[in-house]
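Enquirer: Residues in the sequence shown are numbered consecutively from 1, following my numbering.
Backbone N, C-alpha and C define an ideal beta-carbon position, used for all residues, glycine too.
Predicted, not measured: the structure shown is a model, and the values here were computed from it.
Input: one structure, supplied below.
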Amino acid sequence: MGVLSHMPLVVLLALLSVFFLAAFTQAVHALFIATRREVSPARVIFAYEMLIVVHLALACCTANSASRGFVVLLAQFRPYAFPLDALLWVNLAIAAFGLALAIAKRRPVMTLEIVLIALCTPPIISLLGDNCVYLFILDAAFFLFRTSAGLVLDIRHASDSITQLSLIGALDNLPEGLVWANGNGRIQYMNDAMRADLASLGFATDLSETSGLWADLGDMAREKSGKVLPEGIRLEVSPDKTCLFMRDKVSLRGVRCRRLVAVDVTGEEALNRELEEANGLLRMANDELRESLAHVQSVAQDEAIVRMKARVHDTIGQRLSILHRFLEAENPTPEALGEVKRLAGSIVDDLSEPETPDRASQLDSIVGAFALIGIEVCVKGSLPEDDDAASVFVNIVREAATNAAKHAQAKHVDVNISRIGNVTLLRVVNDGMPAPANLRMGCGIPGMRRAAEAIGGTFDVSSNDPFTIEVHLERPESAHAPNVRAVYEKELS
Numbered sequence: 001m002g003v004l005s006h007m008p009l010v011v012l013l014a015l016l017s018v019f020f021l022a023a024f025t026q027a028v029h030a031l032f033i034a035t036r037r038e039v040s041p042a043r044v045i046f047a048y049e050m051l052i053v054v055h056l057a058l059a060c061c062t063a064n065s066a067s068r069g070f071v072v073l074l075a076q077f078r079p080y081a082f083p084l085d086a087l088l089w090v091n092l093a094i095a096a097f098g099l100a101l102a103i104a105k106r107r108p109v110m111t112l113e114i115v116l117i118a119l120c121t122p123p124i125i126s127l128l129g130d131n132c133v134y135l136f137i138l139d140a141a142f143f144l145f146r147t148s149a150g151l152v153l154d155i156r157h158a159s160d161s162i163t164q165l166s167l168i169g170a171l172d173n174l175p176e177g178l179v180w181a182n183g184n185g186r187i188q189y190m191n192d193a194m195r196a197d198l199a200s201l202g203f204a205t206d207l208s209e210t211s212g213l214w215a216d217l218g219d220m221a222r223e224k225s226g227k228v229l230p231e232g233i234r235l236e237v238s239p240d241k242t243c244l245f246m247r248d249k250v251s252l253r254g255v256r257c258r259r260l261v262a263v264d265v266t267g268e269e270a271l272n273r274e275l276e277e278a279n280g281l282l283r284m285a286n287d288e289l290r291e292s293l294a295h296v297q298s299v300a301q302d303e304a305i306v307r308m309k310a311r312v313h314d315t316i317g318q319r320l321s322i323l324h325r326f327l328e329a330e331n332p333t334p335e336a337l338g339e340v341k342r343l344a345g346s347i348v349d350d351l352s353e354p355e356t357p358d359r360a361s362q363l364d365s366i367v368g369a370f371a372l373i374g375i376e377v378c379v380k381g382s383l384p385e386d387d388d389a390a391s392v393f394v395n396i397v398r399e400a401a402t403n404a405a406k407h408a409q410a411k412h413v414d415v416n417i418s419r420i421g422n423v424t425l426l427r428v429v430n431d432g433m434p435a436p437a438n439l440r441m442g443c444g445i446p447g448m449r450r451a452a453e454a455i456g457g458t459f460d461v462s463s464n465d466p467f468t469i470e471v472h473l474e475r476p477e478s479a480h481a482p483n484v485r486a487v488y489e490k491e492l493s
């Protein structure tokens, strides 16, 4: 072993540097092996890789001792020193362990490293004499290559597969905060997201235990705008971030632990606020709708009253005009008296009829009713097909005939309905007394005018002899007019 002292100092220092670098690289490689999940059996392979670290450490001590010119090579671990002649026999045990592993795993590629480790024993070194320098150079070169290649493969493997280190890295990069604590509250692991969230809430960044942490979070939620919910604690961590803190119990490496998770619910919180605002708007809309419905019901009741007033005006006005003319007759017949009594007694029945009977039948009823008192209502032409226009024409005929009988003492009322192209003309003429020069408009004529204008027509009155009413309606038969019944009834009311 003393022959190593005669080696050039440069060579010894180079061997020392290479063995030291190889030992460090091999130790890192062994740690990567320990984190692999798919290596089997992991403990045996890890033990062999660590024994190679021991072999390289012994070679490093040998080169270090020889570079100092010691006759007896020592492994110095202050304040102790051990003779390397005895320690180098460990290489034989390492080689034997490696041989057994190579046979068990069927790895003939391990043959060279096992041979090199076995040669680095005291008898072989003494046998080689001055040539042992080549053995150490070969040993240093081989294991530097082996450890460097292994480390490169480890880095590539770590990026492509799941290891314990990659799992920890993945947990550190999670956007959700995560912390595990044992039964005593001591923190076993905390990722960066949880540390940042707790720091934003005012907790220490080097928090080491979680005792009272859940209670403190609950107090913060009650003091601020947070909420303590059955599923966890919703708390505003920062102005632009809201988290839901949840806790449960899990098993970590066979030990029951308390887990605390912080989930970013900022988006959900924004949606909840929007839903609350939308619900508020819906409630306001519902209130307004209820008020509108109440108003509509009130308006509908008022319109029903107006319609009933109009029907009462039309029906009773017609009956009174007929009764008045009958009473003025000189020789009323018993048959006519019976019809007048029947007509007067049917007022209630007429008022209880549906509001939209057949318009032609209504026109026929007007003709028959006035015939009882000797007034001939002669109708030429047919009513418009549109129900609104037909209703207005019937009401105007009724009102015009009633006025002719009541004010002009007419005997004949001529109703002419004609159509030329898109123009429909209603012309009502009576043979009664001429209207006075200062004709005073009551409710009837203004109401007829507004009803005609409501369906898009024009209304003209000629008080010259004979008294004439004309309505011009220009539109296609298929066109639908607005609801003019209410307009006419309102005017008559």
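#1: How long is the line joining the alpha carbons of Ser581 and Val471, rounded to whole angstroms?
#2: Sort out for me which residues DSSP pairs Pro175 with in a bridge.
#3: What did DSSP end up calling Phe203 once you bin it into helix, strand or coil?
#4: Any heavy atom of the ligand SAM inside 6 Å of the beta-carbon of Asp206?
#5: Between which two residues does the alpha helix (DSSP H) containing Gln409 stretch?
#6: Which runs of the alpha helix (DSSP H), 4 residues or longer, sit entirely within the region 103–133?
#7: Go ahead and pull the three-state DSSP assignment for Val255.
#8: Based on Cα-Cα distance, which residue from Leu372, Ala14, Thr205, Val90 lies nearest to Ser67?
#9: In the DSSP assignment, find the beta strand (DSSP E) that holds Thr35 and state where it starts and stops.
#10: If you follow the beta strand (DSSP E) that Gly457 is in, where does it begin and where does it stop?
#11: Quick one: is Asp542 buried, meaning 16 or more other Cβ sit within 10 Å of its Cβ, or exposed?
#12: Which residues does DSSP list as the beta-bridge partners of Val379?
#13: Identify every residue that forms a DSSP beta bridge with Ala181.
#14: Could you pull out every residue in the same chain whose Cβ sits closer than 6 Å to the Cβ of Leu363, ignoring the five residues on either side in sequence?
#15: Near Asn191, which residues of its chain fall below 7 Å by C-beta distance, leaving aside the five closest residues on each side in sequence?
#16: Hey, would you say Leu58 sits closer than 7 Å to Phe143, going by beta carbons?
#17: Can you name the residues that DSSP bridges to Asp248?
#18: Comparing the C-beta of Ala262 with each C-beta of chain C, is any distance below 7 Å?
#19: Thinking Ala100 and Ile117 are a contact (beta carbons under 8 Å), I'd like their distance in whole angstroms, please.
#20: Take Gly267 as the anchor and find which of Ser251, Phe97, Pro239 has the nearest alpha-carbon.
#21: Determine the closest residue to Glu453 out of Glu113, Arg156, Asp388, Ala23, with distance taken between C-alpha atoms.
#22: Taking Asn416 as the reference, which of Ala34, Ala405, Leu282, Asn430 has the closest Cα?
#23: Do the region 276–284 and the region 243–255 meet, that is, are 3 or more Cβ pairs less than 8 Å apart?
#24: Put Glu385 into one of helix, strand or coil per three-state DSSP.
#25: Per DSSP, what kind of secondary structure is Val392 in: helix, strand or coil?
#26: Could you spell out the range, first to last residue, of the beta strand (DSSP E) harbouring Gly232?
#27: So what does DSSP say about Ser373, is it helix, strand or coil?
#28: Does the beta-carbon distance from Ala86 to Phe19 come in below 7 Å?
#29: Rounded to a whole number of angstroms, what is the C-alpha to C-alpha distance between Ile33 and Glu277?
#30: Do you know offhand how far Gly432's Cα is from Arg475's?
#31: Among the candidates Ala181, Met110, Arg449, whose CA atom is the shortest distance from the CA of Arg146?
#32: Within 10 Å of its beta-carbon, does Ile187 have 16 or more other beta-carbons around it, so buried, or fewer, so exposed?
#33: Between Ser126, Gly457, Val428, Ile445, which has its C-alpha nearest Ile469's C-alpha?
#34: Can you find the residues in the same chain that come closer than 7 Å, C-beta to C-beta, to Val72, ignoring five residues on each side of it along the sequence?
#35: Please report the straight-line C-alpha distance between Leu21 and Ser208, rounded to a whole angstrom.
#36: Expressed to the nearest angstrom, what Euclidean distance is found between the alpha-carbon atoms of Gly226 and Ser211?
Expert: Answer, in terms of the structure:
#1: Lying outside 1 to 493, the shown extent of the chain, residue 581 is not represented and no answer is given.
#2: Your numbering for residue 175 matches position 175 in the sequence shown. Answer by DSSP bridge pairing: none, since Pro175 is not bridged.
#3: Taking the sequence shown and counting its residues from 1, the one referred to as residue 203 is at position 203. Three-state result, Phe203: coil.
#4: Within the structure as shown, the ligand SAM is missing, as the structure has no ligands at all.
#5: Counting from 1 along the sequence shown, the entry for residue 409 is found at position 409. Run containing Gln409: none; DSSP gives neither H nor E here.
#6: Runs found: 111–119, 122–128.
#7: Within the sequence shown, the letter at position 255 stands for residue 255. In the structure shown, Val255 sits in a strand (DSSP, three-state: E or B).
#8: Locating residue 67 in the sequence shown gives position 67, counting from the first residue. Of the candidates Leu372, Ala14, Thr205, Val90, the one whose C-alpha sits nearest the C-alpha of Ser67 is Ala14.
#9: If you number the sequence shown from 1, residue 35 lands on position 35. Looking at the DSSP string, Thr35 is not in any beta strand (DSSP E); the run it does join, the alpha helix (DSSP H), is 9–35.
#10: Position 457 of the sequence shown, counted from the first residue, corresponds to residue 457. Per DSSP, Gly457 belongs to the beta strand (DSSP E) from 457–462.
#11: Residue 542 is absent from the model: the chain starts at 1 and stops at 493.
#12: As a working mapping, residue 379 is identified with position 379 in the sequence shown. Answer by DSSP bridge pairing, in chain order: Val415.
#13: On the sequence shown, residue 181 is found 181 positions in, with the first residue counted as 1. Ile187, Arg258.
#14: Counting from one through the sequence shown, the residue named residue 363 turns up at place 363. Correct list, in chain order: Val394.
#15: As a first step, residue 191 must be located in the sequence shown, where it is residue number 191. Closer than 7 Å at the Cβ level, and outside the excluded window around Asn191, lie Leu171, Asp172, Leu174, Gly177, Leu178.
#16: In the sequence shown, the residue the question calls residue 58 occupies position 58. In the sequence shown, the residue the question calls residue 143 occupies position 143. Annotated as distal: Leu58 and Phe143, with beta-carbon spacing of 7 Å or more.
#17: Here residue 248 refers to the residue found at position 248 when the sequence shown is read from its first residue. Assignment of beta-bridge partners to Asp248 by DSSP yields Arg259.
#18: Absent from the structure is chain C; it holds one protein chain and no more.
#19: Reading the sequence shown from its first residue, position 100 is the one you call residue 100. Reading the sequence shown from its first residue, position 117 is the one you call residue 117. Not a contact, Cβ separation roughly 13 Å.
#20: The residue labelled residue 267 in the question sits at position 267 within the sequence shown. That would be Pro239, whose Cα lies nearest to the Cα of Gly267.
#21: For the purposes of this step, residue 453 is taken as the residue at position 453 of the sequence shown. Among Glu113, Arg156, Asp388, Ala23, the Cα nearest to that of Glu453 is on Asp388.
#22: Translated into positions along the sequence shown, residue 416 becomes position 416. For Asn416, the nearest C-alpha among the options comes from Asn430.
#23: no
#24: Reading the sequence shown from its first residue, position 385 is the one you call residue 385. Correct three-state label for Glu385: coil.
#25: Numbered from 1 along the sequence shown, position 392 holds the residue referred to as residue 392. Three-state DSSP puts Val392 in a helix.
#26: For the purposes of this step, residue 232 is taken as the residue at position 232 of the sequence shown. Per DSSP, Gly232 belongs to the beta strand (DSSP E) from 232–238.
#27: Here residue 373 corresponds to residue number 373 of the sequence shown, with the count starting at 1. Note that residue 373 is Ile in the sequence shown here, rather than Ser. Coil at Ile373, not helix or strand.
#28: As a first step, residue 86 is located in the sequence shown; it is residue number 86 there, counting from the start. As a first step, residue 19 is located in the sequence shown; it is residue number 19 there, counting from the start. Remark: C-beta atoms of Ala86 and Phe19 do not approach each other more closely than 7 Å.
#29: Within the sequence shown, residue 33 is the residue found at index 33, counting from 1. Within the sequence shown, residue 277 is the residue found at index 277, counting from 1. Answer to the nearest angstrom: the Cα atoms are 57 Å apart.
#30: Indexing the sequence shown from 1 puts residue 432 at position 432. Indexing the sequence shown from 1 puts residue 475 at position 475. Computed Cα separation, rounded: 33 Å.
#31: Translated into the one-based positions of the sequence shown, residue 146 becomes position 146. The residue with the shortest Cα to Cα distance from Arg146 is Met110.
#32: Taking the first residue of the sequence shown as 1, we reach residue 187 at position 187. It counts as buried.
#33: Numbered from its first residue, the sequence shown carries residue 469 at position 469. The option with the nearest alpha carbon to Ile469 is Val428.
#34: Position 72 of the sequence shown, counted from the start, is the residue given in the question as residue 72. Bear in mind that the predicted position of Val72 carries a pLDDT of just 46, short of 50, making it too unreliable to give a figure here.
#35: As a working note, residue 21 is residue 21 in the sequence shown. As a working note, residue 208 is residue 208 in the sequence shown. Roughly 37 Å separates the two Cα atoms.
#36: Along the sequence shown, read from residue 1 onward, the residue named residue 226 stands at position 226. Along the sequence shown, read from residue 1 onward, the residue named residue 211 stands at position 211. Approximately 21 Å between the Cα atoms of the pair.
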